[in-house]
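Presented below is the structure to which this report refers.
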Amino acid sequence: MCAAVVKADGYGLGLAEVGTALHAAGCTKFFVATIDEGIALRKTIGTSPTVYILDGMMAGDTAGEFASHGLTPVLNSPGDIALWGAHCRGSGDGASRSPDGGTAILALDTGMHRLGLTAAETKDLAGASDRLDGITLDYVMSHLACADDAAHPMNHDQRRRFNELRHDLPSAPASLANSGGIFLGPEFHFDLARPGAALYGISRSTGAPKKMKQVIGLKGKILQVRVVDSESTVGYGATRSVPAGSRLATVAAGYADGYLRSLGNSGHGYAAGVKIPVVGRVSMDLISFDISAVPVDTLSPGDNIEMIGDHQTVDDLADEADTIGYEILTSLGQRYARRYIGGDAP
Ligand SMILES: *Cc1c(COP(=O)(O)O)cnc(C)c1O
Numbered sequence: 004m005c006a007a008v009v010k011a012d013g014y015g016l017g018l019a020e021v022g023t024a025l026h027a028a029g030c031t032k033f034f035v036a037t038i039d040e041g042i043a044l045r046k047t048i049g050t051s052p053t054v055y056i057l058d059g060m061m062a063g064d065t066a067g068e069f070a071s072h073g074l075t076p077v078l079n080s081p082g083d084i085a086l087w088g089a090h091c092r093g094s095g096d097g098a099s100r101s102p103d104g105g106t107a108i109l110a111l112d113t114g115m116h117r118l119g120l121t122a123a124e125t126k127d128l129a130g131a132s133d134r135l136d137g138i139t140l141d142y143v144m145s146h147l148a149c150a151d152d153a154a155h156p157m158n159h160d161q162r163r164r165f166n167e168l169r170h171d172l173p174s175a176p177a178s179l180a181n182s183g184g185i186f187l188g189p190e191f192h193f194d195l196a197r198p199g200a201a202l203y204g205i206s207r208s209t210g211a212p213k214k215m216k217q218v219i220g221l222k223g224k225i226l227q228v229r230v231v232d233s234e235s236t237v238g239y240g241a242t243r244s245v246p247a248g249s250r251l252a253t254v255a256a257g258y259a260d261g262y263l264r265s266l267g268n269s270g271h272g273y274a275a276g277v278k279i280p281v282v283g284r285v286s287m288d289l290i291s292f293d294i295s296a297v298p299v300d301t302l303s304p305g306d307n308i309e310m311i312g313d314h315q316t317v318d319d320l321a322d323e324a325d326t327i328g329y330e331i332l333t334s335l336g337q338r339y340a341r342r343y344i345g346g347d348a349p
């Protein structure tokens with residue numbers, strides 16, 4: 004069984020559009036990070052799919068909100084268990100007893116040290132499992148720290164620890180794998196996989212196919228094409244000089260659109276199938292590409308430069324920016340005209 008992780012606005016691609024398309028494709032279980040994301044998702048996919056909130060009760064009096072929006076918490080701490088348990092047993096503030104209790108996922112920390120019950124807390128819970136009274140555990144889950152690196156010893160360590168910790172708890176289905184975990188093989192799959200990145204064409208994992216199908220394209224519009232008549236520098240800080248006769252295309256996008264500033268003098272685009280370098284710094288609203296290698300008169304103002312697409316994947320661009328595809332996608336700005344192709348429109 005496979006859920007879809009659509010946190011952070013569907014990895015920057017649009018929660019409503021991504022959620023609707025996945026729901027139409029048959030996905031019935033979704034993960035987001037926050038309660039607000041869950042409420043927004045609920046509005047677009049209706050009442051029947053399960054929506055899990057990874058951040059859990061968010062350290063507050065949130066049980067009523069979970070209940071009224073039909074959201075399911077991931078319980079990350081003894082405090083989360085107490086809050087949700089009280090609500091489900093009808094003993095919390097303003098709680099309403101639901102006849103079959105409430106559902107939840109219980110998260111165990113097997114090595115990330117971010118969220119989830121520690122080994123000691125898990126042992127305590129195993130010895131006092133009445134603290135789970137009223138709660139139906141859909142899954143017990145954990146999260147892998149190094150799933151992108153198939154050879155990393157921590158993967159098997161975490162899987163072993165996960166099985167040990169689960170052993171003492173009331174039995175429930177299990178969930179461990181994110182995208183990278185899926186590519187580690189069947190022994191990591193358990194009952195529910197939780198891919199995010201792989202759904203969006205990101206393929207960082209050493210175990211994954213080299214090139215995932217790219218589900219997004221990013222293009223920038225050329226505002227001007229100019230030929231420099233003598234050796235000249237380009238952009239802020241005059242960080243790059245280009246020889247006389249160089250042809251430059253100035254494109255209407257910048258770091259305010261999530262075309263990261265670290266791509267200055269290191270990023271590339273494609274035009275007419277030719278690889279063209281970013282020259283100079285990336286400005287807030289503009290990028291300069293050196294298009295000298297593109298045949299004269301093939302590019303004019305109004306034409307597009309491919310920044311992500313068939314020639315250059317999200318991961319390629321991320322490498323050039325010294326980051327990961329996750330950051331490229333979640334940084335994509337709101338000024339781009341976004342067109343959704345295929346799937347069902349929301
Ligand atoms: C974000 C997240 C995922 C999805 O991870 P990907 O690497 O994008 O597949 C799965 N599980 C948890 C707990 C997460 O926080």
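Residue numbers (the working numbering): 4 to 349. The beta-carbon is built from N, C-alpha and C at its ideal position, and this holds for glycine as well. Given the structure is predicted, the values throughout are model-derived calculations rather than measurements.
For residue j and residue i, the rounded distance between their alpha carbons
i, j, result
"C149", "S208", "9 Å"
"L332", "G130", "44 Å"
"S334", "P173", "41 Å"
"A256", "G336", "9 Å"
"G17", "G114", "31 Å"
"R163", "Y329", "28 Å"
"K10", "V54", "11 Å"
"E124", "L111", "9 Å"
"D12", "F191", "27 Å"
"H314", "Y273", "7 Å"
"D194", "D141", "10 Å"
"L86", "G220", "44 Å"
"P304", "V230", "13 Å"
"G199", "A107", "20 Å"
"G88", "S132", "11 Å"
"K46", "S206", "30 Å"
"A197", "S145", "Reading off the sequence, residue 197 comes out as Arg, not Ala. Looking at the two C-alpha atoms, the distance is approximately 11 Å."
"A177", "T37", "22 Å"
"V8", "V299", "45 Å"
"G210", "A252", "38 Å"
"L25", "G15", "15 Å"
"P102", "G67", "Because P102 carries a pLDDT of 47, less than 50, the predicted location of this residue cannot be relied on, and the following value inherits that uncertainty. Using only the alpha carbons, I get a separation of about 16 Å."
"R250", "F165", "57 Å"
"D308", "V254", "In the sequence as presented, Asp is not what sits at residue 308; that position holds Ile. Their backbone Cα atoms lie some 8 Å apart in a straight line."
"G97", "D39", "In this predicted model, G97 has a pLDDT of only 49, less than 50, meaning its place in the structure is not dependable; the value taken from the coordinates is given anyway. About 21 Å."
"N158", "P76", "25 Å"
"L128", "K216", "43 Å"
"A340", "G312", "16 Å"
Nearest candidate by alpha-carbon position, reference residue i, set the options
i, options, result
"D288", "D151, K224 and S244", "K224"
"I56", "G73, K46 and Y343", "G73"
"A120", "G82, D133, G305 and M310", "The residue you asked about is not Ala; residue 120 is Leu in the sequence shown. It is G82 whose Cα lies nearest to the Cα of L120."
"R92", "V8, S51 and L135", "L135"
"D306", "D313, H314, I294 and Q315", "I294"
"S51", "E330, V230 and K32", "K32"
"A296", "I290, I279, M310 and S303", "I279"
"Y258", "L302, M144, L226 and A324", "A324"
"S269", "V277, I290 and T253", "I290"
"G188", "A175, I205 and A154", "A154"
"I42", "W87, R338, N158 and A19", "A19"
"A180", "L168, Y273, S303 and A201", "A201"
"R117", "D58, G345, K216 and E167", "D58"
"V218", "N79, G105 and R342", "R342"
"M4", "T23, V299, C30 and G204", "C30"
"D171", "A196, A211, V143 and H271", "V143"
"R338", "P76, G248 and D260", "D260"
"L302", "A24, L226 and G267", "L226"
"G248", "V228, L263 and A24", "V228"
"T326", "T23, G276, V277 and L263", "L263"
"I138", "N166, I84 and N158", "I84"
"G105", "A175, G204, M157 and A70", "A70"
"E167", "L128, A122 and G204", "A122"
"K222", "I48, D127, F292 and V21", "F292"
"K126", "R169, N158 and D160", "R169"
"V277", "A28, K216, M310 and P76", "M310"
Those residues which DSSP pairs with residue i across a bridge
i, result
"L109", "L78 and V143"
"P298", "BP columns for P298 are empty, so no partner."
"C5", "A196"
"S178", "M144 and L195"
"Y273", "K278 and E309"
"Y55", "F34 and T75"
"S286", "In the DSSP output, where bridge partners are listed per residue, S286 has none listed."
"L263", "In DSSP, L263 forms no bridge with anything."
"T253", "Q227 and S291"
"S244", "T236"
Three CB pairs or more closer than 8 Å across the region 307 to 327 and the region 233 to 243: no
Cβ contact (3+ pairs, closer than 8 Å) linking the region 62 to 69 and the region 140 to 159: no
The region 237 to 252 in contact with the region 277 to 288 per 3-pair CB rule at 8 Å: yes
Sufficient close CB pairs (3 or more, under 8 Å) joining the region 243 to 251 to the region 176 to 185: no
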